[in-house]
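So for the sequence shown, the numbering used here puts the first residue at 2; every next one is plus one. Contents: one structure, followed by commentary.
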Amino acid sequence: MVSFEDLLNYSLNEEKNKITEEFKKILSEMNQIIDEAYAEVYREYSAKITDLVNKNNDRIRGEIAKMEIENKRLISKEMDYWIENVKENAKKSLYEFVKTDNYKKGLESIISREVSDGSIIYCSPSDQKSISDIIKKKKISCKIVVDEKIVGGIKIYYPDKSLSKDFTLETILNQVFDDIRDKIAQILFGE
Numbered sequence: 002m003v004s005f006e007d008l009l010n011y012s013l014n015e016e017k018n019k020i021t022e023e024f025k026k027i028l029s030e031m032n033q034i035i036d037e038a039y040a041e042v043y044r045e046y047s048a049k050i051t052d053l054v055n056k057n058n059d060r061i062r063g064e065i066a067k068m069e070i071e072n073k074r075l076i077s078k079e080m081d082y083w084i085e086n087v088k089e090n091a092k093k094s095l096y097e098f099v100k101t102d103n104y105k106k107g108l109e110s111i112i113s114r115e116v117s118d119g120s121i122i123y124c125s126p127s128d129q130k131s132i133s134d135i136i137k138k139k140k141i142s143c144k145i146v147v148d149e150k151i152v153g154g155i156k157i158y159y160p161d162k163s164l165s166k167d168f169t170l171e172t173i174l175n176q177v178f179d180d181i182r183d184k185i186a187q188i189l190f191g192e
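Quick look at the structure:
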């Protein structure tokens, strides 16, 4: 026969086993809920962090692009400064060139070829006498007007045609300089 105590122990063990099984199930469900909640929070914050990182990367790329453009602008500005410096030095050398025999021969050639009776010649103050001598020698009837802005060379105006031709050294220098600007940049900057 089974004693009361054995029966009680058996009954208690049965209940204990049921409670333990229920507790294991509850613990397993709680762990699953915690794992799912953790995974959801992890996904949510991972997405937020990824979004934040992407936004910051886009902002940084934008800043880098702005800086590169600004850098190119500054470099271009500096290159222009040095190229203009070369041009100004070339312009200063014109003052020496107008004193040479080659210049005077070139001036006479232009006058012989381009100036006709009734023309108006604009020239520098230093060239006025030379031009006057050339037109007397060539027997051309024209007017000479001094232009303080001209370093060398001449401008010719044909009133009958309302036409003007510019043979000033400044204009020639500007045209030549514009044509070879890229070559000058290559020499100065290796580009």
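Don't be surprised by glycine CBs; every beta carbon is placed ideally from N, CA and C.
The three-state reading of DSSP puts Ile141 in coil, since its state is none of H, G, I, E or B. If the five residues before and after Cys143 are omitted, its C-beta is found closer than 7 Å to the C-beta atoms of Val116, Asp118, Gly119, Ser120, Ile121, Ile122, Ile136, all from its own chain and listed in chain order. Assigned with DSSP and collapsed to three states, Gly119 falls in coil, not helix or strand. Here the alpha carbons of Lys56 and Asp36 stand approximately 30 Å from one another.
Here Ile27 is exposed, its C-beta having fewer than 16 other C-beta atoms within 10 Å.
For Asp167, the beta-bridge partners assigned by DSSP are Lys156. In the DSSP assignment, Ser94 falls within the alpha helix (DSSP H) that extends over 5-98. In the DSSP assignment, Val146 forms a beta bridge with Tyr123.
Its Cα nearest to that of Val152, the residue Val99 stands out among Asn72, Val99, Asn90, Leu13. Leu170 is the residue among Leu170, Pro160, Ser29 whose C-alpha sits nearest the C-alpha of Asp128. Sorting Asp102, Pro126, Ile111, Lys93 by C-alpha distance to the C-alpha of Glu149 places Pro126 at the top. Judged by beta-carbon spacing, Phe168 lies beyond the 7 Å limit of Gly191, meaning their Cβ atoms are not closer than that value. Separation of the CB atoms of Ile132 and Ile112 is rounded to 7 Å, and the pair is thereby assigned contact status at 8 Å.
Note on geometry: alpha-carbon atoms of Glu109 and Ile173 lie some 17 Å from one another.
Between Ile84 and Ile185, the C-beta spacing is below 7 Å. DSSP places Ile181 in the helix class (H, G or I) of the three-state scheme.
The C-beta separation of Ser165 from Ile157 comes to about 7 Å, placing the pair in contact by the 8 Å criterion.
In the structure shown, the three-state DSSP call for Lys106 is helix.
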